[in-house]
Amino acid sequence: MIVRCGVFYDGTLEKPRENVDLRIENGTVATIGPAEGDYDLSAACVTPGLVNAHAHFELNATNDTVAEITGTTLSQRMLICVENARKALRAGVTTVRDVGCSGSLSIDLRDAVDSGRVEGPRIRAAGSALCMTGGHGHWIGREVDNPWEARKAVREQLAKGADCIKLIATGGVLTKGAVPGQPQLSEEEMHAAIVEARTHGMRVAAHAIGTEGIKNALRAGVTSIEHGHLLDDEAIGLFKERGAYLVPTLSAPACIIDHASDGGQPEFVVRKAVALGEILAGNIRKAWRAGVKLAGGSDAGTPFNFHEEYVRELELMCRQLGMSPQEALHAATAVAGELVGAGTGTLTPGAPADALLLTRDVAGGVQALREPQTVIKAGAIAFAR
Ligand SMILES: [Zn+2]
Numbered sequence: 143m144i145v146r147c148g149v150f151y152d153g154t155l156e157k158p159r160e161n162v163d164l165r166i167e168n169g170t171v172a173t174i175g176p177a178e179g180d181y182d183l184s185a186a187c188v189t190p191g192l193v194n195a196h197a198h199f200e201l202n203a204t205n206d207t208v209a210e211i212t213g214t215t216l217s218q219r220m221l222i223c224v225e226n227a228r229k230a231l232r233a234g235v236t237t238v239r240d241v242g243c244s245g246s247l248s249i250d251l252r253d254a255v256d257s258g259r260v261e262g263p264r265i266r267a268a269g270s271a272l273c274m275t276g277g278h279g280h281w282i283g284r285e286v287d288n289p290w291e292a293r294k295a296v297r298e299q300l301a302k303g304a305d306c307i308k309l310i311a312t313g314g315v316l317t318k319g320a321v322p323g324q325p326q327l328s329e330e331e332m333h334a335a336i337v338e339a340r341t342h343g344m345r346v347a348a349h350a351i352g353t354e355g356i357k358n359a360l361r362a363g364v365t366s367i368e369h370g371h372l373l374d375d376e377a378i379g380l381f382k383e384r385g386a387y388l389v390p391t392l393s394a395p396a397c398i399i400d401h402a403s404d405g406g407q408p409e410f411v412v413r414k415a416v417a418l419g420e421i422l423a424g425n426i427r428k429a430w431r432a433g434v435k436l437a438g439g440s441d442a443g444t445p446f447n448f449h450e451e452y453v454r455e456l457e458l459m460c461r462q463l464g465m466s467p468q469e470a471l472h473a474a475t476a477v478a479g480e481l482v483g484a485g486t487g488t489l490t491p492g493a494p495a496d497a498l499l500l501t502r503d504v505a506g507g508v509q510a511l512r513e514p515q516t517v518i519k520a521g522a523i524a525f526a527r
């Protein structure tokens, strides 16, 4: 397949190329070169498929997440997973890391997509998140209370077929009584889980909003901090020293705040999101400017944060952090791809051919990524408008 590209972004921060042909063979990028000969498809702008490094397929962006989980069966939620996988792919998200589900939903979804039975992005799944007893997300998590239990829980996720591990280092917004600023799993528990995960080649992500919890997780050796909203200068130093990624999930609080008065959300959810919303942009911007690697991830599935609305995360990166459209695209393709580890996120020879064909140049605004004209996954047309 040959795609003629008006403007071509490979996912890096290199200057985009103009009037080149993207040649795809056997599902991977063969060459990117000067325009010549016949082509199969053409577009004003071509980018890599988007990579969402933080999503929960099982969550359907309803106003009350915990009520949604407790009020539905596992099989009903699997159907939601299937629906959300299709919506994400059609919106141009070709790789997703699911960082926490009930049982093995996201793992089974991954296998169904891989075998072609279900339409969806490439998926890397964490299985159930490890949390302390009664901790944030315990309603879909695996509760652990000492280092050996943490190791055992990692082995359980591995046995289910998980690709990576998710830890809960602090309280969170959606769980009643869980204070975002307070640490939850200890550094010792997280370190044990990470050593076990590394033994099996698994990367580890930590949900961490509060300052101490972020630093505990970084010292314990996580690959990425999810949210990271209350980071401080010492945390920025640790990020850089350890080479850890930051997935700021700007959409999660923004979507809750947008529906603060009309969404019918629990009062404690709105209150916690509003408090974080007032300070997080400044902290995340500071980390990014200091050179911390920012990877795109939206926390899709949380209230009013739809799986097909990942472009909102890029819009927030531009608006709240001051990124250029290409920098936001880079965070949501190459950097997120590097973190997720599916080999996607950049369009370079040999890489999987996951690409979006757009009607406008991204340079004019990341809104150009909304409703891609054609979504290519593994060299085949996955969806066309
Ligand atoms: Zn999450």
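Positions 143 to 527 (the numbering used here) are the ones given, in order, by the sequence shown.
Heads up, the beta-carbon is just placed ideally off N, CA and C, and yes, glycines get one too.
Can you tell me whether DSSP reads residue i as helix, strand or coil?
i, result
"H196", "strand"
"E420", "coil"
"N161", "strand"
"T365", "coil"
"C243", "coil"
"S184", "strand"
"A520", "coil"
"L499", "strand"
"V171", "strand"
"L489", "coil"
"I351", "coil"
"P325", "strand"
"L380", "helix"
"A267", "strand"
"V238", "strand"
"A233", "coil"
"G148", "strand"
"V346", "strand"
"V412", "helix"
"I307", "strand"
"T317", "coil"
"A484", "coil"
"P494", "strand"
"P176", "strand"
"L463", "helix"
Please classify residue i: is it buried, with 16 or more other beta-carbons within 10 angstroms of its beta-carbon, or exposed?
i, result
"P176", "exposed"
"N161", "exposed"
"S366", "buried"
"I282", "buried"
"S403", "exposed"
"E383", "exposed"
"P416", "Residue identity check: residue 416 is Val in the sequence provided, not Pro. Burial call: exposed."
"F357", "One detail in the question is off: residue 357 reads as Lys in this sequence, not Phe. Counting Cβ neighbours within 10 Å, K357 comes out buried, since at least 16 surround it."
"T391", "buried"
"S217", "exposed"
"D152", "buried"
"D409", "According to the sequence shown, residue 409 is Glu rather than Asp. When all chains shown are included, E409 counts as exposed."
"S440", "buried"
"E156", "exposed"
"E210", "buried"
"T353", "buried"
Is residue i near ligand 1, judged by its Cβ being under 6 Å from some heavy atom?
i, result
"D441", "yes"
Can you tell me the Cα-Cα spacing of residue i and residue j, whole angstroms?
i, j, result
"H349", "E368", "5 Å"
"A267", "A304", "5 Å"
"C223", "R512", "21 Å"
"Q326", "A394", "20 Å"
"V171", "P190", "11 Å"
"A497", "K302", "31 Å"
"A110", "R431", "Nothing can be reported for residue 110, as the shown portion of the chain is limited to 143 through 527."
"T490", "I307", "28 Å"
"R297", "N168", "35 Å"
"A292", "H342", "14 Å"
"D374", "L380", "10 Å"
"Q324", "L251", "33 Å"
"G405", "N202", "14 Å"
"G234", "E451", "10 Å"
"H360", "R527", "Rather than His, the amino acid found at residue 360 in this sequence is Leu. Taking the straight line from one Cα to the other gives about 43 Å."
"A362", "P289", "12 Å"
"M332", "D182", "50 Å"
"S466", "C460", "6 Å"
"V364", "T475", "21 Å"
Write down the C-beta distance between residue i and residue j rounded to the nearest angstrom, noting that I regard them as a contact closer than 8 Å.
i, j, result
"V241", "A230", "In fact, because the Cβ distance is near 14 Å, the residues do not count as touching under 8 Å."
"L481", "A442", "At roughly 16 Å, the Cβ-Cβ gap does not stay under 8 Å, so L481 and A442 are not in contact."
"L471", "A423", "About 19 Å; that fails the 8 Å criterion."
"R232", "F525", "5 Å"
"S244", "R219", "7 Å"
"T486", "T154", "Actually they are not in contact, since the Cβ atoms of T486 and T154 sit about 14 Å apart, beyond 8 Å."
"I166", "M143", "4 Å"
"L418", "P514", "About 31 Å separates the two Cβ atoms, so there is no contact after all."
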